[in-house]
Amino acid sequence: MTRILMVCLGNICRSPLAHGIMQSKLPEDLFYVDSAGTAAYHVGNMPDRRSIAVARKYGLDISTQSARQFTVADFDAFDYIYAMDSSNYRNIINLARNQKDIDKVKLFLEANPSIQNKNMPDPYYGEKDGFEYVYNLVIETCDILVTELYK
Numbered sequence: 001m002t003r004i005l006m007v008c009l010g011n012i013c014r015s016p017l018a019h020g021i022m023q024s025k026l027p028e029d030l031f032y033v034d035s036a037g038t039a040a041y042h043v044g045n046m047p048d049r050r051s052i053a054v055a056r057k058y059g060l061d062i063s064t065q066s067a068r069q070f071t072v073a074d075f076d077a078f079d080y081i082y083a084m085d086s087s088n089y090r091n092i093i094n095l096a097r098n099q100k101d102i103d104k105v106k107l108f109l110e111a112n113p114s115i116q117n118k119n120m121p122d123p124y125y126g127e128k129d130g131f132e133y134v135y136n137l138v139i140e141t142c143d144i145l146v147t148e149l150y151k
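Residue numbers (full-length UniProt numbering): 1 to 151.
Listed below in C-alpha cells is the structure:
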C-alpha cells in the first residue's frame, strides 16, 4: 500500500483539503492518505469550517478529520510527504534523520507546472474566496499527482 501525507502549518485548512481530495481520487485498498501540521496549534480539532464548507460544496466530507502534528515517525509511516509551502517544507526537513527521509518530502505544488509560485497560499486569515482558490489549486495538483502515482 502506498502511503501519502499532506502537511501544512496547523492541519485545519490546506492539508485537510488535500487529504480529502487525494483520498477521493485513489482506491483505498491501494492508497492511504492522511494529513498533519508542523505546529501543534489545533491538535484534535476538526478542519476549519471554511475548508469543510468548500469541500462539501464539491461533494466531499472532510469534517471527520482531526488535526495532528507531524512527527519523526511519519518518515517511517509514509512513502510521500507533501508540504504545502516552503516554510512547512523546512520544518519537516529539519526533523529528517537522513537523506532517505528528505527524499520523501516534496513541495505539493512542485507537481503542477502551471503554477509559478510553489507556495500554497494559506487562506486562514483571508475571506471565503481564498478557500475556493486553494481548493481549485489542490484539485488540479491532485489530478497531476494521481497520474504520476500510476506511472
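Glycine included, every Cβ here is placed at the ideal spot set by N, Cα and C.
If you keep only unbroken beta strand (DSSP E) runs of at least 3 residues inside the stretch 67-131, you get 80-83, 105-107.
Counting other Cβ atoms within 10 Å of its Cβ, Pro123 reaches 16 or more and is therefore classed as buried. One Cα belongs to Asp129, the other to Arg50, and the distance between them is close to 10 Å.
In this structure, Ile139 sits away from Lys104, with a CB-CB distance that is not shorter than 8 Å. Beta-bridge analysis with DSSP links Asp34 to Leu5. Counting along the chain, the unbroken alpha helix (DSSP H) around His19 starts and ends at 14-25. By the C-beta density criterion, Val54 is buried, having at least 16 other C-beta atoms within 10 angstroms. Here Asn98 has no same chain residue with a Cβ atom under 8 Å from its own Cβ, once five neighbours each way along the sequence are excluded.
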